[in-house]
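The structure under discussion appears below in the form of structure tokens.
Protein chains in written order, with our numbering: chain A, -3 to 219; chain B, 272 to 597.
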């Protein structure tokens, strides 16, 4: 589902974020992406969501080579990848409903189905009844879960999350991780970038550790 | 705990039938259409100012056009060709008058010439002046014999006409020579020039409208930067992101067009009475004419089209530079 083939990424400012990075995620696999801040975790996620293109090498997501995709195809591609951000990236001037429904509005889902799916997504993240609330009225954990609801509402085959538990207390973090695992259980390929040691210990899933833009541990070594 | 059906099936979203796609398409456009209207209504002052500027910019060339069209209509009956009127001295007998007329007609520079007797002149004057009743009070006809002539082909340049008039003035029987339509020609030349100016002014002001709308849309885009980034982040295409701004420009242009038409109509109503008084003073009946109905619609439609185009240009330029960062 996700394949990095000797990926090299250098940013316009000259910083080399990744060098010769190769790994592969099977469909329906769940992975933790670990490493120090600045090791290149975010760059990996940005390459998967096609917020960046590789400088060299290939990034294949859902059978598509992101490096050669024309820009007109990017929006449709991004709808296949659910992204959860550490800072939520919610629209503060829109109620929760509008935030969660945004990907459906983009995809042109009829209003009635939109209602149904927004409620289902909010129910999943435990926020049913908060449709009319504005993001700033919610706690950090709740905001994060709104972001997750938005990421999964299009039922994307790939779900990636950048430090989704960074601002959450341990209980909430656990809750969020359980959520990701539930999506993984129904076939979604999940990649979570985190440096939360406690979480890593509680979820026995594959880990990819990056150091200075390279894979630090041999692939396919379970914890 | 397992996932509900709504979130379980991994498949692309979107309407699955053509009919469903069409109705969704309309629903989506209707939402954006009225959503952008609502956003404009939430900034009443800024919106009103933009609309006012667009309305005035559109009303100006329309007003100028109407001035030219009406002036043209007033003078249309006066003819374009040069005509000279040669007034003979009083008293002149019929015999003398015919002789002079023949002599004038014989000149090379003269094309056709007709002799108008005092009686004919009076009849014509009665018919055209509107003071026929007052003329009846005159004991005798005060009008002279007149020879009306047109210069020969190729002899109607201003200089040739002036020379001819000077020659005719030297004749002993001639009291006065009037090149009485020269001013009409000058007026028509001025009106033709004005018509060019209308086209020019309309073009310049149209570009102005584009700039006004473009700038408004630019500000709107900057104000909604976060929203645009997030929308692109979750897969919004450029067309999707652009749509509300296009509608915003459309509404402002449409309202500007309506305002322009309203300004023109108000102007016509205000000027109606004064113009009628002027016309009455000249013994004529003349009503200001406005635009035809379809021309008013063209002004409104033109405003909407300019708004749309200005928004499209601004959106195409500014939206491309907003790419999501994460």
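Each residue gets a CB set at the ideal place from its N, CA and C atoms; glycine is no exception.
These figures come from a predicted structure and were not determined experimentally.
Close partners of residue 102 of chain A in chain B (Cβ separation under 8 Å): 502, 505, 506, 507, 508 and 511. Using beta-carbon distances, residue 497 of chain B counts as an interface residue toward chain A, with a partner under 8 Å. If you check the CB distance, residue 423 of chain B and residue 380 of chain B come in under 8 Å.
In this structure, the alpha-carbon of residue 574 of chain B lies about 44 Å from that of residue 399 of chain B. At a cut-off of 8 Å, the C-beta of residue 47 of chain A has a neighbouring C-beta in chain B. Residue 563 of chain B and residue 544 of chain B have their C-alpha atoms spaced approximately 20 Å apart. Within its own chain, the residues whose Cβ lies closer than 8 Å to the Cβ of residue 432 of chain B, once the five positions on either side in sequence are excluded, are 353, 355, 422, 426, 450 and 453, listed in chain order.
DSSP places residue 523 of chain B within a helical segment (H, G or I) once states are collapsed to three. The Cβ atoms of residue 121 of chain A and residue 108 of chain A do not sit closer than 8 Å to each other. Counted as a single uninterrupted DSSP element, the beta strand (DSSP E) harbouring residue 15 of chain A occupies residues 12 to 21. The continuous beta strand (DSSP E) containing residue 419 of chain B extends over residues 417 to 422.
Where residue 158 of chain A is concerned, the enclosing beta strand (DSSP E) starts and stops at 154 to 158. As a beta-bridge residue in DSSP terms, residue 78 of chain A pairs with A:155. Residues of chain A whose Cβ lies closer than 9 Å to the Cβ of residue 298 of chain B are, in chain order, 104, 106 and 107. Listed by position along chain B, the residues whose Cβ is nearer than 7 Å to that of residue 71 of chain A are 506, 507 and 508. Following the DSSP letters along the chain, one finds residue 212 of chain A in no alpha helix (DSSP H), marked with neither H nor E.
The region 33 to 48 of chain A makes contact with the region 75 to 95 of chain A; the number of CB pairs closer than 8 Å reaches 3 or more. Rounded to the nearest angstrom, the gap between the Cα atoms of residue 307 of chain B and residue 549 of chain B is 48 Å. Taken in chain order, no unbroken stretch of alpha helix (DSSP H) lies wholly in the region 448 to 492 of chain B with a span of 4 residues or more. In the three-state reduction of the DSSP assignment, residue 187 of chain A falls in the strand class. Per the Cβ contact rule, the region 468 to 482 of chain B is in contact with the region 321 to 330 of chain B (3 or more Cβ pairs under 8 Å). Distance from the CA atom of residue 204 of chain A to the CA atom of residue 110 of chain A, rounded to whole angstroms, is 36 Å. For residue 337 of chain B and residue 498 of chain B, the gap between their C-alpha atoms comes out near 46 Å. Any Cβ of chain B closer than 8 Å to the Cβ of residue 98 of chain A would place that residue at the interface, and such an atom is present.
Cα atoms of residue 310 of chain B and residue 571 of chain B: separation of roughly 22 Å, rounded to the nearest angstrom. According to the DSSP assignment, residue 29 of chain A belongs to the beta strand (DSSP E) that extends over 26 to 30. For the set B:405, B:368 and B:374, the Cα lying nearest the Cα of residue 389 of chain B is the one of B:368.
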